[in-house]
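According to our numbering, the stretch in the sequence shown is residues 15 to 264, in order.
A virtual CB, placed ideally from N, CA and C, is assigned to each residue, including glycine.
Model, not experiment: these values are computed from the prediction.
Below is one structure; the comments refer to it alone.
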Amino acid sequence: MNTMNWMRALVMVLAIGAWGGCTDDPHVPAPVDAGCGAACDDGGQSDASDVGDGGLIGGGGDTQQPDDAGEDVTQGQQDAEEDATQGQPDAEEDATQGQPDVEEGDVDSGDDAGGDVGGDPHEGRPLGQCNSSTNCPPDAPGGPLCTRSAPGGICSGCGEFAGCAAGYECFAGSCVADCSADSDCPPGMACSSRGQCAIQRCVEDVCPDPMFGCNASDMCERRSCEEQVDCPARTTCQGGVCIEDRQLVL
């Protein structure tokens, strides 16, 4: 009886020793949290809400949702259309600006270019003296002589008592007219401080009256010509000189 009890006790001791030795075997699988890496910090579990589209833990919070991307694309298109629309009025305004304001009455009537052929802008002013020497008095001591290049023509060769038409007097060998205003003188001439009609001076090589040119002394003179195209408006090429049309009646 004692032998049987002893044997039973021995078997139980051996069994307990065998079970304790098995837990130290290196081939036994590791506990459930072994090898979890960073996931072990939160108990070995990864929250599905922390995983983004790229599969990175914790990446979900920084990942932009597809709906937001679509909104940004739509907003960008609207901004581009608004910028294009706003640019059109500015371009039209810029195109409008810089164009001169043309009002009725600002347009050149073209008189200086011969548009008003039948009119005389100097109507009321006297005619000049001559277009040729035959227009000058024949009794001039120096013989009838017309200075054709002068505006209106000037009869020269006069003496103190002869050689000038009525209304003129001889001054320094030329016939001159008295005046109190420019309107008392033929075109191309002005009333001088002496009260006599004198040839106008050019201003920056331009005669104040477009019917005339300028000579080397910077005085107005009739232009020379070979053909009619050489003459300015309201003048006619005659004998190599552009004669004022208003004087063709002489």
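Contact between Gly142 and Ser170 does not hold, since their C-beta atoms are separated by about 13 Å, which reaches or exceeds 8 Å. A distance of 8 Å or more separates the beta carbons of Gly166 and Gly209. Between the region 189-202 and the region 133-150 there are three or more inter-stretch CB-CB distances shorter than 8 Å, so the stretches are counted as touching. In summary, Asp232 is exposed, with fewer than 16 beta-carbon neighbours lying within 10 Å of its beta-carbon over all protein chains present. At the C-beta level, Cys234 and Gln214 come within 8 Å of one another. Counting every other CB atom within 10 Å of its CB across the protein chains shown gives Phe175 a total below 16, marking it as exposed.
Bounds of the beta strand (DSSP E) holding Gln252 are 249-252. When DSSP states are grouped into helix, strand and coil, Ser170 belongs to the strand group.
Closest in alpha carbon position to Leu264, among Ala195, Gln242, Val217, Cys160, is Cys160. Asp223 is classed as buried because its beta carbon has at least 16 other beta carbons within 10 Å across all chains shown.
For Phe185, the pairing in a beta bridge is given by DSSP as Ser188. Linking Cys172 to Glu240 through their CA atoms gives a straight-line distance of about 30 Å. Between the alpha carbons of Phe226 and Ser238 lies a gap of roughly 10 Å.
Contact between Ser163 and Arg236 holds, with the beta-carbon distance rounding to 5 Å and staying under 8 Å. A distance below 8 Å separates the beta carbons of Gly177 and Pro151. Judged by DSSP secondary structure, Glu258 falls within the beta strand (DSSP E) whose first and last residues are 255-258. Secondary structure of Gln242 (DSSP, three-state): helix.
When only Cα atoms are considered, Val217 and Ala230 end up about 13 Å apart.
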